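Below is one structure, written out as structure tokens; comments come after it.
Structure, rendered in structure tokens:
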């Protein structure tokens, strides 16, 4: 509320009888072209965000909820998975050995081990004893897993490694 | 305001930045400058500890993962993620308090915190992506933790967009309070995602009974938390004040509009009644 004659920005505390207390009803802010444009732009942004959210939720219900099968599950579901592409998780056991133009190693989880033949590079952290997630599919004979992508699933430990400690079995 | 004829190119700067001692010229104050200085000093200490004094994760004291020098990203990534959760909690809390008390303060607090929170979420995703490239071998995967964090960013950017779409301050405050509370539901999902689903992202290192980090690394991590909390506080002081000044400007704009409408009506009736 501004005081009229003075033109200052001091709030008008005078009584209604003295001319203060402006009780005229307020009207909504004028809808200038600039404000209308900004509003439309924000609506467009909201729609784009909703599409993005929908996409993310689709991912969430798909890959995010079952990011990998553990080695024992992949073995159990061998026929069901068939030639489908999926991710398998396990702890690397022993050293890698070169095989043709690929690299072979074994992963184990929950008592079951799976032989992996990996074509391509490994991430820098890759080493025996760490859990890894391999992307690929069962080979034709469903004995060996052909992987073309390795992701190292490092553990949550930042303490000095205990050489006798076994890597966690937690999926 | 006097009932002058106003033309299209009127200079109204005296309304926005009043001459004289009545209005602030910026959002800074002595308190905020002290806070900023503390944040800067803390940042310097964090750089010292994070880059120099704390060890790289290699050699005889290395963890089983052997992250090497890149473990230092941890000292930024974890604190900004925690602060992002805090910021969105403040938004949700402010929204709830607004719905209860209906005072402008809570709405401005919620809005300011949402914006700062979006900045910290983006930082979390960027530092996390760098970490992933080195540690996991990928810039991005759609695992549970990353997916839910991306969703969190989208939800709160949506909150900010919603604030621009609604023009009436009371309607805006109410609807955004509800939107903020709904969006906040994703925060516990993000936090527990590594436990509820199988994820590439590691499980908790510090939010557990036996933290799996110790020594200088743990200290540097805690230092990082404190530094980014102070930075959040400093950003909030400024952003809240900016929100407040904007709200006052909106009120002024209304007064200007009313005065212009009256002036157009051609009467010399001032807001105090029929007085010259």
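Residue numbers (our numbering), protein chains in the order written: chain A, 1 to 171; chain B, 1 to 276. Where a beta carbon is used, it is the ideal one built from N, C-alpha and C, also for glycine. Values in this document were obtained by computation on a predicted structure and should not be read as measured data.
Only counting runs of 4 or more residues, tell me where the alpha helix (DSSP H) segments fall wholly within the stretch 24-107 of chain A, in order along the chain.
-> With a minimum length of 4 residues, the continuous alpha helix (DSSP H) runs that stay inside the stretch 24-107 of chain A are 33-59, 71-76, 78-81.
Does residue 43 of chain A get closer than 7 angstroms to chain B when you measure Cβ to Cβ?
-> At least one C-beta of chain B is nearer than 7 angstroms to the C-beta of residue 43 of chain A.
Measure from the C-beta of residue 82 of chain B to each C-beta in chain A and report whether the shortest distance is under 7 angstroms.
-> Interface residue (Cβ-Cβ distance to chain A less than 7 angstroms): residue 82 of chain B is not classified as such.
What residues are listed by DSSP as bridge partners for residue 109 of chain A?
-> Answer by DSSP bridge pairing, in chain order: A:112.
Simplified DSSP state of residue 188 of chain B, which is helix, strand or coil = In the structure shown, residue 188 of chain B sits in a helix (DSSP, three-state: H, G or I).
If you run the structure through DSSP and keep just helix, strand and coil, what is residue 201 of chain B?
-> DSSP places residue 201 of chain B in the coil class of the three-state scheme, outside both helix and strand.
Report yes if the C-beta distance between residue 297 of chain B and residue 51 of chain A is below 7 angstroms; otherwise report no.
-> Residue 297 of chain B falls outside the range modelled here, since chain B spans only 1 to 276, and no answer is possible.
Shorter than 7 angstroms from the beta carbon of residue 210 of chain B to some beta carbon of chain A?
-> At a cut-off of 7 angstroms, the C-beta of residue 210 of chain B has no neighbouring C-beta in chain A.
Return helix, strand or coil for residue 16 of chain B, following the three-state DSSP convention.
-> Confidence is the limiting factor: at residue 16 of chain B the pLDDT is only 44, short of 50, which leaves the residue's position unreliable and the question unanswerable from this model.
Can you give me the start and stop residues for the alpha helix (DSSP H) that residue 135 of chain A sits inside?
-> Careful: residue 135 of chain A lies outside any alpha helix (DSSP H), inside the beta strand (DSSP E) at 131-138.
DSSP puts residue 150 of chain A in a beta bridge; with which residues?
-> Answer is A:134, bridged to residue 150 of chain A.
Does the Cβ of residue 94 of chain B have 16 or more other Cβ atoms within 10 Å, making it buried, or fewer, making it exposed?
-> Answer is buried; the Cβ neighbour count reaches 16.
Taking the C-alpha atoms as reference points, what is the distance between residue 184 of chain B and residue 152 of chain B?
-> Looking at the two C-alpha atoms, the distance is approximately 8 angstroms.
Are any of the Cβ atoms in chain B nearer than 7 angstroms to that of residue 39 of chain A?
-> Cβ-Cβ to chain B under 7 angstroms: yes for residue 39 of chain A.
Could you give the residue range of the alpha helix (DSSP H) that holds residue 215 of chain B?
-> Per DSSP, residue 215 of chain B belongs to the alpha helix (DSSP H) from 215-265.
Are the beta-carbon atoms of residue 68 of chain A and residue 144 of chain A separated by less than 7 angstroms?
-> The answer is no: Cβ separation not under 7 angstroms.
Examine chain B for any beta-carbon lying closer than 7 angstroms to the beta-carbon of residue 59 of chain A, and answer yes or no.
-> Taking Cβ atoms only, chain B reaches closer than 7 angstroms to residue 59 of chain A, which makes this a yes.
With burial defined as no fewer than 16 other Cβ atoms inside 10 Å of the residue's Cβ, what is the status of residue 179 of chain B: buried or exposed?
-> By the neighbour-count rule (16 or more Cβ atoms within 10 Å), residue 179 of chain B is buried.
Touch test, the stretch 156-173 of chain B against the stretch 145-164 of chain A, Cβ-Cβ under 8 angstroms, three pairs minimum = No, the stretch 156-173 of chain B does not touch the stretch 145-164 of chain A.
Per-residue burial, residue 48 of chain B [other beta carbons within 10 Å of its own, 16 or more giving buried] = It counts as exposed.
Specify, as a first and last residue, the run of the alpha helix (DSSP H) that residue 107 of chain B falls within.
-> Looking at the DSSP string, the run of the alpha helix (DSSP H) that includes residue 107 of chain B is 104-135.
Please classify residue 195 of chain B: does DSSP put it in a helix, a strand, or coil?
-> Assigned with DSSP and collapsed to three states, residue 195 of chain B falls in helix.
Could you tell me whether the stretch 254-266 of chain B touches the stretch 130-137 of chain B, using the rule of 3 or more Cβ pairs below 8 angstroms?
-> No, because fewer than three Cβ pairs between the stretch 254-266 of chain B and the stretch 130-137 of chain B fall closer than 8 angstroms, the two stretches do not touch.
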